[in-house]
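Reading through the structure tokens given below for one structure.
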Amino acid sequence: MKGVVVVESPAKAKTLSTFLGKDYKVIASYGHVRDLVSKRGSVDPNNHFKMLWEESARGKKQIKEIAESIKKYDNLYLATDPDREGEAISWHILEILNDKKLLKNKQIQRVVFHEITKSAVSEAFANPRELDQNLVNAYLARRVLDYLVGFSLSPILWRKMPGAKSAGRVQSVALRLIVERELEIEAFKPEEYWTLHNLFNTDKGDFLSTLISINGKKLEKLDIKTEVEAENIRSDVETKKYTVDSVEKKSVKRNPYAPFTTSTLQQDASRKLGFPAKKTMQIAQKLYEGISIEGTMTGLITYMRTDSTNLSNEALDASRKYISETFDKKYLPKNPKIYKTKTKNAQEAHEAIRPTSCSRIPESLKDALNEDELKLYELIWKRTIASQMESAVLDQVTINIQSTDKKYKFKVTGSSISFDGFLKVYGDDDKEQELRLPNIDEKTILTLKDATKNQHFTQPPAKFNEASLVKKLEELGIGRPSTYATIINVIQERKYAVIQKRAFVPENIGVLVVSFLKNFFTKYVEYSFTANLEEELDDISNGKIDWETVLNNFWKEFYTSINSAQELTVTKVIDTLENNLHDYIFKNFSGENLCPVCNKGKMHLKLSRMGAFLGCSNYPECKAMKSIEGTDAPAIGIENTAQNILGQDPNNGNDNVMLKKGPYGYYFEWENTKDPTKKKPKRLAVPKFITNVEDLNINDALTLTNLPKNLGKHPKLGKDIILCLGRFGPYVSVGGKTLKLEKSLDFLRFGLDEIYQKFKNELS
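Quick note: the sequence shown, position 233, residue 232 per numbering that gives the first Met the number 0, numbers continuous.
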């Protein structure tokens, strides 16, 4: 049947067109065509949560194309993604077209497929369904919840905590995880402990063992606390004779991993490939929507937003066929391996992420994919094949050693791979390192070759990285497959946390925001509350609960909390933050947080739209400022400090020229020395491409303020050389000819000679 087919992206449209042919008009919506109006009042809780929608500029254009096309066809096929967001996009399009009265006598059909292959698409079009209103209601409920939190809580945050950006329903909870882990690390006090090891010699080889008990008492990790204790034991250990008390041998199976879900894909792509979650999902989206292979658009993987580990019967047969044809028969289990998970999200894909064709090996795609695309495809392909292979078998040997007087017991465990199984395709080198032990029997007399003691310190918990944060969110039931990458991205965009050495480090404002929310909106950043709300959204998807009931229950209590928070004073907020985060805020102070400058006032937390800092209570007599880290405060636009003054401008009344940092980056500010109270000092932004701001000096500031600057006349052409800064970067203009300069600090320091030498050929 001919018709108009609507999908989300141009790439998906292009791939689908190759399967459907000229009888179908495939149009991309470019994602959502409309969203809630971005202002207060777009959701009315007192009128059944009525929503005000507005079409995006792109949405209007795409709707116009759909509207023009639908006039020529009897059928409209909604082929958006098989999840809640995909259902919502289709719903929005239908609502708009209905409002325009364009669907009279038209047949509307929803088609869903989890892989973009000819067979999957054909089956979907042969078995269309109606729009699932339960999925749409779940989307509407989530959108309303996020809107109500954002437009109710964020203004409170802005007024009571200057410098804070905004608060999100799920992102705030994820930020709490990052912040609490950081505070746990900062509060951690390492404890010293010691371990003892004996190196034994046999005629079949040496091996190192660890002391595990003394006089029949098992040694706990922190039992030996000092070097003196350790040395006393070591000295005594050296005097003893030892025999093998027992040798334990057993085979241990390592089962293959389940096929990828969205979460496990993001975790392994981070761990093995170093990909951020956002990058992983962008590449996966491209692999799903289709890549040109020998001139034909082909979907390479199944839908990438899923929490299912299930494989279709076709995929099971295909993977088993590949294994049987490629490896020895011992690698293929008698029966397919079935992985089952309790799917929390009925609207997500019913299958794991897998290749659309197991026979399409990664090596065959080297010319079709770029390096990162190939890496991710290979990871997915290997995980899928390995999931259907036999378990690996490890031979494990434990040797227990005892002193002849039975005072000391030592132990060593080794392992070796007797059958690699699935590890042949998908292994972890760090987990499969072998430790082979000599083949010795009980009662064997051992020769003590060396006795050593080793010092250790307990370690704090590791910072969250993207993989471990996604894993934790999934464990807590917070967020869903389609949201993990967005959660991580928003936290960074709001500058609440940064990634350093692949680990999350919260910014000061992030720590303060979490403390504010925990103290004044306790319930709404609790892990269990957020997880329960996610479960309710799932229940809406399944038709188990009415979406308005969920929203009413939430709004009733949340509205009360918002009203209570309106009465908060900034002083109350600061006092609460100081008490709650005292050790974090004043970690570089001792005693009564005495001001290090005047030695009279006390340092207190200050909040401004430029950031948080510590200021003296004797202000304005004492203008001392410190950052929360304890160093002199950076230039944040609150008070001038000598460290920030670059020099004086002789052309502007000898005003002090200072370098400062604001919410949009670094800038120069001219302090009016004649009238320090002047409200609007002269300011000039430092170009974004100048990253080595610590090298900026007074001459750079004066040059920047005088642009465009005449450097002089060209020695041969006799024309002025003008140094300029445009929207695309620095350049010089010579007689109407434009020559680009590199985006660096150096451009401010170029003179006539440097320009002439740099562009000698161009200007000859």
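C-beta atoms are modelled at their ideal positions from N, C-alpha and C, and glycine is treated no differently.
Would you check if the distance between the CB atom of residue i and the CB atom of residue j is smaller than 8 Å?
{"i": "E350", "j": "H113", "result": "yes"}
{"i": "S208", "j": "I439", "result": "no"}
{"i": "L15", "j": "A78", "result": "yes"}
{"i": "A173", "j": "I508", "result": "no"}
{"i": "S799", "j": "R128", "result": "Nothing in the structure corresponds to residue 799, since the chain is present only between 0 and 763."}
{"i": "L299", "j": "Y376", "result": "yes"}
{"i": "I223", "j": "K408", "result": "no"}
{"i": "G750", "j": "L710", "result": "yes"}
{"i": "I26", "j": "I561", "result": "no"}
{"i": "F503", "j": "L468", "result": "yes"}
{"i": "L536", "j": "A137", "result": "yes"}
{"i": "L716", "j": "Y730", "result": "no"}
{"i": "A385", "j": "F421", "result": "yes"}
{"i": "N518", "j": "T575", "result": "yes"}
{"i": "R39", "j": "F150", "result": "yes"}
{"i": "Y483", "j": "A276", "result": "yes"}
{"i": "I69", "j": "I95", "result": "no"}
{"i": "L75", "j": "K99", "result": "no"}
{"i": "G204", "j": "P437", "result": "yes"}
Would you call residue i buried or exposed, if buried means 16 or more other Cβ atoms sit within 10 Å of its Cβ?
{"i": "T260", "result": "buried"}
{"i": "R319", "result": "buried"}
{"i": "H581", "result": "exposed"}
{"i": "D202", "result": "exposed"}
{"i": "A166", "result": "buried"}
{"i": "K452", "result": "buried"}
{"i": "A684", "result": "exposed"}
{"i": "Q432", "result": "exposed"}
{"i": "I754", "result": "buried"}
{"i": "E347", "result": "Since pLDDT at E347 reaches only 47, below the 50 mark, its modelled position is unreliable, and the value read off the structure follows with that caveat. Buried, since its Cβ has 16 or more Cβ neighbours within 10 Å."}
{"i": "I461", "result": "A small correction: the amino acid at residue 461 is Ala; Ile does not occupy that position in the sequence shown. Classification for A461: exposed."}
{"i": "I232", "result": "buried"}
{"i": "K217", "result": "exposed"}
{"i": "L51", "result": "exposed"}
{"i": "T630", "result": "Caution applies to T630, whose pLDDT of 47 falls short of 50 and renders its modelled position unreliable; the model cannot decide the point."}
{"i": "Q387", "result": "buried"}
{"i": "I627", "result": "buried"}
{"i": "N598", "result": "exposed"}
{"i": "S291", "result": "exposed"}
{"i": "P649", "result": "exposed"}
{"i": "V510", "result": "buried"}
{"i": "L776", "result": "Nothing about residue 776 can be read from this structure; the chain reaches only from 0 to 763."}
Throw me the rounded Cβ distance for the residue i and residue j pair, which I believe falls under 8 Å.
{"i": "L606", "j": "V143", "result": "Not quite, the Cβ-Cβ distance comes to about 31 Å (not below 8 Å), so this is no contact."}
{"i": "R353", "j": "I379", "result": "7 Å"}
{"i": "L445", "j": "S417", "result": "26 Å between Cβ atoms; not a contact."}
{"i": "A496", "j": "S269", "result": "At roughly 16 Å, the Cβ-Cβ gap does not stay under 8 Å, so A496 and S269 are not in contact."}
{"i": "L35", "j": "Y146", "result": "6 Å"}
{"i": "T412", "j": "T397", "result": "5 Å"}
{"i": "F199", "j": "L447", "result": "6 Å"}
{"i": "E190", "j": "F456", "result": "7 Å"}
{"i": "P255", "j": "S55", "result": "About 45 Å separates the two Cβ atoms, so there is no contact after all."}
Whose C-alpha, out of the options, is nearest the C-alpha of residue i?
{"i": "T485", "options": "K99, V120, V169", "result": "V169"}
{"i": "L139", "options": "E67, E183, K49, A66", "result": "K49"}
{"i": "R33", "options": "S616, V504, I92, L221", "result": "I92"}
{"i": "Q458", "options": "F187, Y76, G273", "result": "F187"}
{"i": "Y583", "options": "L182, A450, R141", "result": "L182"}
{"i": "D745", "options": "V692, N705, I720, N579", "result": "V692"}
{"i": "T305", "options": "V411, I544, V227, L264", "result": "L264"}
{"i": "L315", "options": "Y302, L331, N709", "result": "L331"}
{"i": "S563", "options": "K159, E226, N488, V5", "result": "K159"}
{"i": "A66", "options": "L102, E670, I88, P81", "result": "L102"}
{"i": "Q647", "options": "D244, K329, F667, E190", "result": "F667"}
{"i": "V512", "options": "V178, M624, Q281, I689", "result": "V178"}
{"i": "K406", "options": "T704, K381, E54, D235", "result": "D235"}
{"i": "T521", "options": "T17, D752, S171, N617", "result": "S171"}
{"i": "H47", "options": "F557, D22, L703, W546", "result": "W546"}
{"i": "K793", "options": "I282, G426, V227", "result": "In the structure displayed, the chain extends from 0 to 763; residue 793 sits before or after that span and is not available."}
Is any heavy atom of the ligand FMN found at a distance shorter than 7 Å from the C-beta of residue i?
{"i": "R33", "result": "With respect to the ligand FMN, the structure shown offers nothing to examine, as it has no ligands at all."}
Mind pulling the beta strand (DSSP E) runs of 3 or more residues that sit fully within the segment 384-467?
391-402, 407-418, 444-456
What are the start and end residues of each continuous alpha helix (DSSP H) run of 4 or more residues lying completely inside the segment 514-581, in chain order?
526-540, 546-565, 569-579
Jot down the residue ranges of each uninterrupted beta strand (DSSP E) in the segment 105-173, minimum 3 residues, whole runs only, in chain order.
106-109
Let me know the beta strand (DSSP E) ranges lying completely inside the segment 42-95, each 3 residues or longer, listed in chain order.
52-54, 74-77
Residue ranges of each alpha helix (DSSP H) within the segment 285-339, 4 or longer
312-325
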